[in-house]
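Novice:
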């Protein structure tokens, strides 16, 4: 079931701005993933009844983000990947192999990290919150318990400026030095500065202006130089900024309908996977691009200009919309829509509403060099394929 005309008109969800981003760059963004979309059609049979939609994680993009992170900071810093961003075992295996640790937001995530092979020394689980009114009490706790050797801060994510993040880290270091002065020894030796860097959802560039890993490192060096002198061991907790750009979601268009003259394309995924986008469309969005059944980009040309479209999911829920009046090339039933930048906080926030089985997830790697006679130079490795029986077992 998808939204009816009356549902769309009466929906209490705030309407999403039609253009969060420059839709005139559609062909550029679509062209960047055209090869993998074509390969998914030919190798995974994307668009068939057996594979109407799929999740892809680009290994090269993930590796590049990890390399960028490690290059920006000193070699002895521990980068603890935020598991909640994307907890899939296949993603964690690649993160661990690159030398990163893991930040765990629950007991279950801690156990999951251990099962995935992360050593205990590379795991982080944060604890007591620091409030200004309790600073003296907390200093007293450090005085009484010599095993308290770390201070953690996490200002926020996807909405915090670099200056705000740096201010939070400065406060954490000041508190650590206050504790060490109070106990007259170097008791606090670890500073966990959290994560929080914004991901750029408006274009293919990984980071927003001034918010790359290198930009953040430069700001920290200028404002919190103690982090770079060896006085403290330093831990980071980046998640979204590592994995978001590595993911794309591909769905064929199940059908089209018209609402007030605006075509609505219905996909095989929606609010079950894009919870924030459905409930808070004014703040959360993904770029969309359109491909034909064969995976070729539906390009914007004078003879076929962009047309405003609604894009809906399959749930029995009137707010299951990923876009409202979004300019796109004319969409036809059977076309493929790519949802960009879905590597973080999409699969991990999956909702079991309507008992829909999560999309299969594949890690995508490029052959180097392309193998003679191969259908493409892409290799798809399944990292999560859930059966209907496994889905229904959730309710037992």
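In full-length UniProt numbering, the protein residues as written are 1 to 396.
Quick reminder that beta carbons are idealized off the backbone N, C-alpha and C, glycines included.
Predicted model only: the values in this text are computed from it and were never measured.
1. If you reduce the DSSP assignment to three classes, tell me which class residue 15 lands in.
2. Under 7 Å Cβ to Cβ from residue 157, same chain only, skipping five residues before and after it: list those, please.
3. If you draw a straight line from the alpha carbon of residue 386 to that of residue 363, how long is it in whole angstroms?
4. Only counting runs of 3 or more residues, tell me where the beta strand (DSSP E) segments fall wholly within the UniProt domain "Orn/DAP/Arg decarboxylase 2 N-terminal" (125-244), in order along the chain.
5. On the three-state DSSP scale, how would you describe residue 347?
6. From this set, 320, 391 and 381, which residue's C-alpha is nearest residue 352's C-alpha?
7. Spatial neighbours of residue 238 within its chain, please: CB distance less than 6 Å, with the 5 preceding and 5 following residues excluded, ordered by chain position.
8. Provide the residue span of the alpha helix (DSSP H) that contains residue 79, from first to last.
9. Leaving out the 5 sequence neighbours to the left and right, which residues in its chain are closer than 6 Å to residue 257 when beta-carbon positions are compared?
10. My parser needs the alpha helix (DSSP H) runs of 4 or more residues fully inside the stretch 89-114; what are they?
11. Over the uninterrupted beta strand (DSSP E) stretch that includes residue 55, give me the two end residues.
12. Could you tell me if residue 232 is buried or exposed, where buried requires 16 or more neighbouring beta carbons within 10 angstroms of its beta carbon?
13. Would residue 211 be called buried (16 or more neighbouring beta carbons within 10 Å of its own) or exposed?
14. Less than 8 Å between the CB atoms is what I'm expecting for residue 46 and residue 33, so what's the real figure, rounded?
15. Would the beta-carbon of residue 336 fall within 7 Å of that of residue 380?
16. List the endpoints of the continuous alpha helix (DSSP H) containing residue 385.
17. Would you mind sorting residue 28 into buried or exposed? The rule is 16 or more other CB atoms within 10 Å of its CB.
18. With DSSP collapsed to three states, give me the class of residue 331.
19. Since residue 273 contacts residue 216 with CB under 8 Å, what's their CB separation in whole angstroms?
20. Any idea which residues DSSP pairs residue 378 with across the strands?
21. Per DSSP, residue 259 is paired with what?
22. What does residue 291 pair with, by DSSP beta-bridge criteria?
23. Pull up the distance between the alpha-carbon of residue 115 and that of residue 87, whole angstroms please.
Specialist: So, to answer that:
1. Because the pLDDT of residue 15 is 46, which lies under 50, any placement of that residue in the model is unreliable, and the number read from its coordinates should be weighed accordingly. In the structure shown, residue 15 sits in coil (DSSP, three-state: anything other than H, G, I, E or B).
2. 195, 196 and 240
3. 15 Å
4. 150-152, 190-192 and 233-236
5. helix
6. 391
7. 195
8. Unbroken run through residue 79 is the beta strand (DSSP E), 78-82; no alpha helix (DSSP H).
9. 264
10. 89-97
11. 53-58
12. buried
13. buried
14. No, residue 46 and residue 33 are not in contact; Cβ-Cβ is about 13 Å, not under 8 Å.
15. no
16. Segment: none, residue 385 is in no alpha helix (DSSP H) and carries neither H nor E.
17. exposed
18. coil
19. Wrong, their Cβ atoms sit about 29 Å apart, outside the cutoff.
20. 366
21. 262
22. 297 and 336
23. 12 Å
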